[in-house]
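According to the numbering used here, the sequence shown is numbered sequentially starting from 877. Report on the following structure.
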Amino acid sequence: MSTTRDQATMEHPSLLDDIVLHENDLTEKAKSCFGYHSKILHAFELYRRSILSNEHMTSTGKHGALAGVGKMHTNCKRVLNYMAEHNELLNGTLPPLGPLIICGLPRTGSTLLQNLLACDPDCRSPLFTDMCVEIVPPISRSNAVEQKRRMAALQSSMQQDTSFVTQRNQIIASHPVFPIEEDYHILRQASFLPFFTMITSDPVSDDDTWLLEELNKDFAYDYHEVFLRMLNSVDAPRSHWVLKAPVHCFKQDTILQHYPNAAIIVTHRCLDEVLPSLCSTAWSLGSIYLDKRDAASRNTIKKQTLQFIDKAVECMVEFRTRLDRMHDQKRKNLFDVAYNDLMEQPIATVRRIYDYFGLRWSDEFEGAMQAWLSNNPQGKQGRHSYSLVDCELTHEDIETRYADYINLFQCSSATDIASTNSNQLSSNNESFQQV
């Protein structure tokens, strides 16, 4: 389905058909402090052009995509201005432990794990409003009045976004909504947008150039650290931060450069379930911007989802294999979690994580996790259905295509992952504490 810009404007006069990206409101001090600002502007400009040239996007889809790009860039500039004005915060100290960073392939239980880990009263995990709603100036969790006002602003914005309301139930069924969210929202403001690029990139291309360009953005983690220091300056956790984003699996080396004491929790699940679940979720998100009747768009999303998984698996296998081969001390910063363990024994799984990294366990923490699990049973926000048939892959295809990953992480047997970690507990948590 093709819609010209003039047709879209005539049919929906209130919709955006273009935006102007600029740095007129970025201070000279911010430009001087954060040299990567121009790279971020350039990347967002490429997104803008890609959106405008994509004939498969609907008029409402282009409106939403353009508005999103504009908002992300605006938020980035506000953060850089704020931190340049308060540049003493750049030298402030983050908690010496962590952060705990959950990564791994998408659809591997990381949302559940983040919410459980965030039950620890000694930790802090970013709220969605911290990252996406009037983010400057940052506010503390205890500022109930301002937190309530920002949440009301978020709900109002969501109701006004007709494209989101239409797909809301389907999206939430695959990715439930909670007050805390993944820090991918921080990276997005620095133009690190692999999921968004699936939708806006050239559907004619058969290679993974679109993704390789995204991965060449280490500066996004420069911004990530600046943002985390901003949040930490007004409300530092007593112990550690808890972060989560599947895209971190591409950048584990970069993470450890910025956060040498990071405790990286890598989640794993049978790929027969990961692949169809992610393809379904990607299309749910993509159909906000694309014509749901357009088979070509659906095929493009599916192809690029598999390219995403291919590259994620490649990065994870290369990183882990290299550490093991070199007996690298960074190996002790990593802990694997099997999806089946997490689903069947969530609190016991979290306990193993805490034992491994030498974190303080408390009855209050355990009680908070039990309450959260009771209040948030699986499927509460909808059931997500998917089938391996939708990926056009068989079990045998997956076993062959991802043999290195399956063999390395023993994803066919959840207990193998858990037992491997258990064997390292006595030696690794002591050495980790010495980092």
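The C-beta atom is built at its ideal place from N, Cα and C for all residues, glycine as well.
The stretch 1088-1099 and the stretch 1066-1073 touch, with three or more beta-carbon pairs separated by less than 8 Å. The residues Ile-1274, Tyr-1278, in chain order, have a CB closer than 6 Å to that of Leu-1147 in the same chain once the five nearest residues on each side in sequence are set aside. Separation of the CB atoms of His-1116 and Cys-999 is rounded to 5 Å, and the pair is thereby assigned contact status at 8 Å. Judged by DSSP secondary structure, Trp-1117 falls within the beta strand (DSSP E) whose first and last residues are 1116-1120. Cβ atoms of Val-1213 and His-1124 stay farther apart than 8 Å, at about 14 Å. Under DSSP, His-1144 takes part in a beta bridge, and its partners are Ala-1214.
In the DSSP assignment, Gly-937 falls outside any beta strand (DSSP E) and within the unbroken alpha helix (DSSP H) covering 935-961.
Out of Leu-897, Val-1102, Pro-1013, Asp-901, the CA that lies nearest to the CA of Arg-925 is found in Leu-897. The stretch 972-991 makes no contact with the stretch 1022-1031; the number of CB pairs closer than 8 Å stays below 3. Distances from the alpha-carbon of Ser-1156 to those of Thr-950, Trp-1237, Phe-1233, Tyr-1262 put Tyr-1262 closest. Between the stretch 997-1014 and the stretch 1231-1246, the count of Cβ pairs shorter than 8 Å is three or higher; the stretches touch. When secondary structure is reduced to three states using DSSP, Leu-993 falls in the helix class. Beta-carbon to beta-carbon, Lys-938 and Phe-1095 are separated by about 27 Å, too far to satisfy the 8 Å threshold. Under the three-state reduction of DSSP output, Leu-1166 falls in the strand class. In terms of Cα proximity to Pro-1013, the closest of Met-1106, Phe-1126, Cys-1191 is Met-1106. Going by DSSP, Ile-1282 is part of the alpha helix (DSSP H) stretching over 1279-1285.
The C-alpha of Leu-1269 is placed about 39 Å away from the C-alpha of Ser-1033.
Restricting attention to Ile-1164, Tyr-1097, Ala-1158, Ile-1131, the CA atom closest to the CA of Thr-1176 is found in Ala-1158.
Linking Thr-903 to Asp-894 through their CA atoms gives a straight-line distance of about 25 Å.
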